[in-house]
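Heads up, the thing below is written out as structure tokens.
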Amino acid sequence: MGPELNLPVGYHEPVSISNSNIESAWISEFLASRRSTRDFLPTEVPADLLHQILADSLTAPSWSNTRPFKVAVATGEVRDRISADFLDRWQALSEIMEPGWRNKLRLLRNRRGLPAKNRSTAKSYVPELKPRAQRVGKELYEFVGVNRDDKQARDAQWAKNYSFFGAPVELFIFIHKSLHVYAASDAGLMMQNLIMSAHARGLGTCAQGSVNIWENVVRSEFEVSKDYRMICGIALGYPSKAKVNQFQAHRIDVSEMLLPPLKVKPE
Ligand SMILES: Cc1cc2nc3c(=O)[nH]c(=O)nc-3n(C[C@H](O)[C@H](O)[C@H](O)COP(=O)(O)O)c2cc1C
Numbered sequence: 040m041g042p043e044l045n046l047p048v049g050y051h052e053p054v055s056i057s058n059s060n061i062e063s064a065w066i067s068e069f070l071a072s073r074r075s076t077r078d079f080l081p082t083e084v085p086a087d088l089l090h091q092i093l094a095d096s097l098t099a100p101s102w103s104n105t106r107p108f109k110v111a112v113a114t115g116e117v118r119d120r121i122s123a124d125f126l127d128r129w130q131a132l133s134e135i136m137e138p139g140w141r142n143k144l145r146l147l148r149n150r151r152g153l154p155a156k157n158r159s160t161a162k163s164y165v166p167e168l169k170p171r172a173q174r175v176g177k178e179l180y181e182f183v184g185v186n187r188d189d190k191q192a193r194d195a196q197w198a199k200n201y202s203f204f205g206a207p208v209e210l211f212i213f214i215h216k217s218l219h220v221y222a223a224s225d226a227g228l229m230m231q232n233l234i235m236s237a238h239a240r241g242l243g244t245c246a247q248g249s250v251n252i253w254e255n256v257v258r259s260e261f262e263v264s265k266d267y268r269m270i271c272g273i274a275l276g277y278p279s280k281a282k283v284n285q286f287q288a289h290r291i292d293v294s295e296m297l298l299p300p301l302k303v304k305p306e
């Protein structure tokens with residue numbers, strides 16, 4: 040019998056493991072029990088806990104062990120200033136996106152809400168992937184009672200991204216441009232470790248591509264070299280009991296991920 044590992048209990052489903060009974064099923068259950076958190080309690084995350092989660096993120100594999108990423112940790116006043124700036128820009132952007140020529144004129148006058156960076160994140164999805172994105176959007180909005188035709192309600196829901204859903208910590212993930220997709224892949228592995236470490240400790244997370252368009256705001260608070268670009272934010276904190284945190288996004292089947300073998304082999 041090995042010693043009890045005594046891991047803290049995760050939020051969604053209690054998970055208990057000991058060295059003696061780590062079964063293959065445990066990891067599947069634990070991974071499946073993580074869901075994005077979109078409503079946080081204001082409870083602070085203790086600094087040593089945050090440090091542990093960040094340390095856990097660095098046990099992920101990495102391209103030649105280069106760890107081609109940096110993390111900006113926004114808490115307290117810095118977090119609040121960034122959020123206030125994002126919300127202000129979002130307000131301007133959502134007005135511009137209203138139909139009608141008057142709103143397009145506003146765009147010429149007030150460029151504040153326009154994406155300053157990483158515009159590709161605001162592009163529409165290619166036909167192969169669009170139905171999946173549409174499905175999760177539709178199901179999430181239905182789940183929280185937001186009518187898809189009610190632009191105001193939709194915008195209000197989206198705006199929550201810019202208050203980081205109330206999370207006391209927002210992480211901004213930057214990758215070294217020189218390693219291109221491999222840096223993004225490394226950052227993804229690091230983030231998943233971070234997210235699962237947080238989950239094991241009863242914390243919730245939500246990855247946020249929505250913050251990418253205003254990278255300049257983050258750069259106004261942290262020293263970031265030109266060699267790096269932002270790829271994602273992560274809201275981190277203790278989940279509330281709000282209904283939105285019970286949302287279960289659809290999972291595709293393994294068969295949808297697998298490539299079929301070539302029918303005709305090349306000579
Ligand atoms: C890189 C990345 C960016 C994301 N950006 C956002 C975002 O801006 N806002 C949001 O509410 N969810 C965001 N998500 C969460 C996804 O919508 C979510 O992971 C997906 O629907 C699956 O649901 P689950 O995380 O609950 O399993 C993002 C996820 C990833 C991996």
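For what it's worth, my numbering labels the leading residue of the sequence shown as 40, then goes sequentially.
Glycine included, C-beta positions come from ideal geometry on N, C-alpha and C.
Keep in mind that this is a model prediction, so the values were computed, not measured.
For the beta strand (DSSP E) containing residue i, list its first residue and its last residue.
{"i": "phenylalanine 211", "result": "208-215"}
{"i": "alanine 192", "result": "First-last for alanine 192: 190-198, but that is the alpha helix (DSSP H), not the beta strand (DSSP E)."}
Can you list, in chain order, the residues of its chain with a C-beta nearer than 6 angstroms to that of residue i? Leave out the 5 residues immediately preceding and following it.
{"i": "phenylalanine 286", "result": "Leu179, Phe182"}
{"i": "alanine 99", "result": "Leu228, Met229, Asn232"}
{"i": "glycine 152", "result": "Arg128, Ala131, Leu132, Ile135"}
{"i": "glycine 184", "result": "none"}
{"i": "alanine 246", "result": "Cys271, Ile273"}
{"i": "leucine 46", "result": "Per-residue confidence for leucine 46 stands at a pLDDT of 49, beneath the threshold of 50, marking its modelled position as unreliable; the derived number appears in the next sentence. The answer, listed in chain order, is Ala239."}
{"i": "valine 283", "result": "Arg77, Asp78, Val183"}
Let me check one thing: in DSSP terms, what residues is residue i bridge-paired to?
{"i": "leucine 275", "result": "Val208, Thr244"}
{"i": "phenylalanine 79", "result": "Pro278"}
{"i": "methionine 230", "result": "Looking at the DSSP assignment, methionine 230 forms no beta bridge with any residue, so it has no partner."}
{"i": "lysine 265", "result": "According to DSSP, lysine 265 bridges with nothing at all."}
{"i": "valine 110", "result": "Ile212"}
I'd like the span of the alpha helix (DSSP H) that includes residue i, first residue to last.
{"i": "phenylalanine 182", "result": "169-182"}
{"i": "valine 256", "result": "254-258"}
{"i": "phenylalanine 125", "result": "115-135"}
{"i": "valine 321", "result": "The structure shown has nothing for residue 321, since the chain only spans 40 to 306."}
{"i": "isoleucine 66", "result": "63-71"}
{"i": "valine 250", "result": "It is not in any alpha helix (DSSP H) - valine 250 carries neither H nor E in the DSSP assignment."}
{"i": "valine 185", "result": "Run containing valine 185: none; DSSP gives neither H nor E here."}
{"i": "serine 294", "result": "293-296"}
In chain order, what residues of the same chain lie with their CB nearer than 7 angstroms to the CB of residue i, ignoring the 5 residues before and after it?
{"i": "serine 279", "result": "Asp78, Phe79, Leu80"}
{"i": "phenylalanine 261", "result": "Ala111"}
{"i": "alanine 226", "result": "Phe108, Ile212, Ile214, Ile270"}
{"i": "threonine 114", "result": "Pro207, Val208"}
Hey, residue i and residue j are a contact pair by Cβ (cut 8 angstroms); roughly how many whole angstroms apart?
{"i": "tyrosine 201", "j": "phenylalanine 125", "result": "4 angstroms"}
{"i": "lysine 216", "j": "aspartate 292", "result": "Rounded, the Cβ-Cβ distance is 35 angstroms, inconsistent with contact."}
{"i": "threonine 244", "j": "isoleucine 273", "result": "5 angstroms"}
{"i": "histidine 289", "j": "valine 165", "result": "Going by Cβ atoms, the distance from histidine 289 to valine 165 rounds to 19 angstroms, so no, they are not a contact pair."}
{"i": "valine 84", "j": "leucine 210", "result": "Going by Cβ atoms, the distance from valine 84 to leucine 210 rounds to 11 angstroms, so no, they are not a contact pair."}
{"i": "arginine 187", "j": "lysine 177", "result": "6 angstroms"}
{"i": "serine 236", "j": "aspartate 95", "result": "4 angstroms"}
{"i": "leucine 308", "j": "tryptophan 102", "result": "The structure shown does not extend to residue 308, since the chain is modelled only from 40 through 306, so no value can be given for it."}
Counting only the same chain and skipping the five closest in sequence on each side, list residues whose C-beta sits under 8 angstroms from that of residue i.
{"i": "alanine 223", "result": "Ile214, Ile270"}
{"i": "arginine 120", "result": "Glu260"}
{"i": "alanine 172", "result": "Tyr164"}
{"i": "arginine 118", "result": "Phe203, Pro207, Val208, Glu209"}
{"i": "lysine 169", "result": "Ser163"}
{"i": "lysine 156", "result": "Asn251, Ile252, Trp253, Glu254, Asn255, Arg268, Met269"}
{"i": "serine 122", "result": "Tyr201, Ser202, Phe203, Glu209"}
{"i": "isoleucine 92", "result": "Leu233, Ser236, Ala237, Arg240, Leu242, Leu275"}
{"i": "leucine 97", "result": "Arg106, Met229, Asn232"}
Cβ of residue i less than 8 angstroms from any chain D Cβ?
{"i": "aspartate 95", "result": "The structure shown contains no chain D, having only a single protein chain."}
Sufficient close CB pairs (3 or more, under 8 angstroms) joining the region 79-99 to the region 196-213: yes
Three-pair Cβ contact test at 8 angstroms for the region 103-113 versus the region 236-255: no
Examine the Cβ distances between the region 120-138 and the region 185-205 and report whether three or more of them are shorter than 8 angstroms. yes
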